[in-house]
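Heads up: the structure comes next, in structure tokens.
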Amino acid sequence: MFDDCWNSIRQLFIEYLIPIENNNDRVIIETFEQTQKNETIRTINNVTYLNFLNALCLTACYSRYQENLEPIINDRIFCPFPCVIQEDCSFKVCKNYGIFTHEYECPCDNSSKWDRDSNECLPNSIYKIRQTRNYPDMLTKEKIRRQKNPRNCEPYSKCSKNGTLFCTLDSNYEYTVCVCKLDYHGSYCQDKINACLFRIEHHLQPNGGTLIAGNTACNVNSSGNKCVALISAEGDASYQCQCNETHWIPDIELPYPNCLQKQTKCDSIVCVHGFCVSNNHTDQAKCVCNPGYSGPACEEWVGVWSEWSEWGQCRPTCGDIRYSLRQRDCLSMKLGNKSKLCLGPPIEYVKCSEHLCIYKGVSYHYLYYSIQQNVIAISFTFNAVVCVTVVVIWSLLFLASTKSFYGLLKKLYSQRRQIKINRLRRATLEQDESEMSVNRCENINNTREDSDETNKY
Numbered sequence: 001m002f003d004d005c006w007n008s009i010r011q012l013f014i015e016y017l018i019p020i021e022n023n024n025d026r027v028i029i030e031t032f033e034q035t036q037k038n039e040t041i042r043t044i045n046n047v048t049y050l051n052f053l054n055a056l057c058l059t060a061c062y063s064r065y066q067e068n069l070e071p072i073i074n075d076r077i078f079c080p081f082p083c084v085i086q087e088d089c090s091f092k093v094c095k096n097y098g099i100f101t102h103e104y105e106c107p108c109d110n111s112s113k114w115d116r117d118s119n120e121c122l123p124n125s126i127y128k129i130r131q132t133r134n135y136p137d138m139l140t141k142e143k144i145r146r147q148k149n150p151r152n153c154e155p156y157s158k159c160s161k162n163g164t165l166f167c168t169l170d171s172n173y174e175y176t177v178c179v180c181k182l183d184y185h186g187s188y189c190q191d192k193i194n195a196c197l198f199r200i201e202h203h204l205q206p207n208g209g210t211l212i213a214g215n216t217a218c219n220v221n222s223s224g225n226k227c228v229a230l231i232s233a234e235g236d237a238s239y240q241c242q243c244n245e246t247h248w249i250p251d252i253e254l255p256y257p258n259c260l261q262k263q264t265k266c267d268s269i270v271c272v273h274g275f276c277v278s279n280n281h282t283d284q285a286k287c288v289c290n291p292g293y294s295g296p297a298c299e300e301w302v303g304v305w306s307e308w309s310e311w312g313q314c315r316p317t318c319g320d321i322r323y324s325l326r327q328r329d330c331l332s333m334k335l336g337n338k339s340k341l342c343l344g345p346p347i348e349y350v351k352c353s354e355h356l357c358i359y360k361g362v363s364y365h366y367l368y369y370s371i372q373q374n375v376i377a378i379s380f381t382f383n384a385v386v387c388v389t390v391v392v393i394w395s396l397l398f399l400a401s402t403k404s405f406y407g408l409l410k411k412l413y414s415q416r417r418q419i420k421i422n423r424l425r426r427a428t429l430e431q432d433e434s435e436m437s438v439n440r441c442e443n444i445n446n447t448r449e450d451s452d453e454t455n456k457y
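The UniProt record's numbering numbers the first residue of the sequence shown as 1 and each following residue consecutively.
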């Protein structure tokens, strides 16, 4: 697009000069010299003089361009002629296609073509690739970058021979302008393009180059960050950052690759109802919760408490067991929101140190232990009396119960003995009766036998 625009402007410029061109530059020079001789006759202001001089120069240049004539101006200062200044080929075979120092062509053999960008003969294969900007591999790209010595540069020029493609003059012909090769940049094309080491400033690079040097953007001096210099197939210089994500990450708000955002523990912590703070020295972080929330991630509602009151006076005022307390109020409950109850104790206790009590010059501590000893003695005596009384009562009860138990046993024994005697008597009587029955039966039998014997006789 840029080349098309440039060619269109150049063509319009040439068409504008055609009506005012002269037959040759000698007539122009003579006219100019005659004008200077008559300077005393008429007054010419500076603006008119400069406009005339500019048109005179451009007209002479265009006349030479159209007729392809060798200039006759001494030292070739008045208007540089491309085919005369160039050193690639003979003036006789050189062909200029413009009035600027780099607008010339030299003949090439059948295997190559003249490239107007690099001002040299390129092999047909490379020339075709260069026109399409479709480089198949790195080797071909390097071949395309390989250039000869810079063209049109004066011997005293500061332009680097290694990095300069060609030289030209500014619009006022006051100083030399160095046109750099694609892989060089700088005022004199002295620096090899390395997007990590330098900020690239090159009119052929995208956006005119880079905004900042890659090493600076990638923060290479911190925590192992790295910068990788890149050159695309089209010769565009750029860089790529390799951040140590433990400590640095890209800052997405910046329009260029970088490692400028500090990575902290807070980047991996979620605070639901609060915000995170980190300590760069200890590499620690924690959540600071909003009022009413607590927990490691501020996810737990605990209520909105008032500030703790001051610790109260120790109670009692003396002794070895004393406490002090403080309290706080649940503010969220006071606001009338029942769902915002507070969690946690409203009162806290803390044990106080021991403090001796004094009464009439005597330590309460001493009185305390004296009273305590008397109480212990009285308690011991009372317990002893109670114990003896209980033993006596239990002894009497035991004796009484033993006597009653003995009488009961004796009575039971007598009853059992009487029962046994009665049983024995009854058994004796039954035995006597059975013996008597047997004797009676025997007597009857004997009587019967006697009567039978009597009857026989």
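The beta-carbon is built from N, C-alpha and C at its ideal position, and this holds for glycine as well.
These numbers were taken from a predicted model, which means no experiment stands behind them.
query	result
Check whether cysteine 83 and tyrosine 97 have beta carbons under 8 Å apart	no
Glutamate 87 versus glycine 186: straight-line alpha-carbon distance, rounded	25 Å
Exposure of asparagine 74, with buried meaning 16 or more beta-carbon neighbours within 10 Å	Confidence at asparagine 74 is low in this model, with a pLDDT of 40, below 50, so its placement is unreliable and the value that follows should be read with caution. Burial call: exposed.
CB contact flag (alanine 297, cysteine 271, <8 Å)	yes
Contact under 8 Å by Cβ, tryptophan 311 with arginine 328	no
Backbone CA spacing between leucine 197 and phenylalanine 91 [nearest angstrom]	42 Å
Proline 82: first and last residue of the uninterrupted alpha helix (DSSP H) it sits in	82-85
Other residues of its chain near alanine 213: CB distance less than 6 Å, five sequence neighbours each side excluded	Phe198, Arg199
Entirely enclosed beta strand (DSSP E) segments - the region 190-232, minimum 3 residues	226-231
Inter-residue spacing [alpha-carbon to alpha-carbon] between glutamate 122 and tryptophan 248	The sequence given here has leucine at residue 122, not glutamate. Spanning the two alpha carbons is a distance of roughly 47 Å.
Identified DSSP bridge partners for tryptophan 311	Paired residues: none, contrary to the question.
Presumed contact (8 Å Cβ cut-off) between cysteine 243 and asparagine 221, rounded CB distance	Cysteine 243 to asparagine 221, Cβ: 13 Å. No contact.
Same chain only: Cβ atoms within 6 Å of valine 277, ignoring 5 sequence neighbours per side	Val288
Of the listed residues Leu429, Tyr127, Val177, Thr216, nearest to alanine 195 (C-alpha basis)	Thr216
Residue range of the beta strand (DSSP E) that includes histidine 101	In the sequence under discussion, the amino acid at residue 101 is threonine, which differs from the histidine named in the question. Note, threonine 101: premise wrong, no beta strand (DSSP E); not H, not E.
Terminal residues of the beta strand (DSSP E) in which glutamate 120 lies	120-123
Rounded C-alpha distance that separates arginine 322 from histidine 355	9 Å
In chain order, each beta strand (DSSP E) run of at least 3 residues that lies wholly inside the UniProt domain "EGF-like" (262-299)	274-279, 284-289
Presumed contact (8 Å Cβ cut-off) between tyrosine 188 and serine 232, rounded CB distance	So it is not a contact: roughly 25 Å between Cβ atoms.
Neighbourhood of cysteine 227 by C-beta distance below 7 Å, restricted to the same chain and skipping five residues each side	Cys196, Gly214, Asn215, Cys218, Val220, Tyr239, Cys241
7 Å Cβ shell around asparagine 290 - same chain, five flanking residues per side excluded	His273, Gly274, Cys298
Inter-residue Cα distance where the pair is serine 332 and glutamine 263	37 Å
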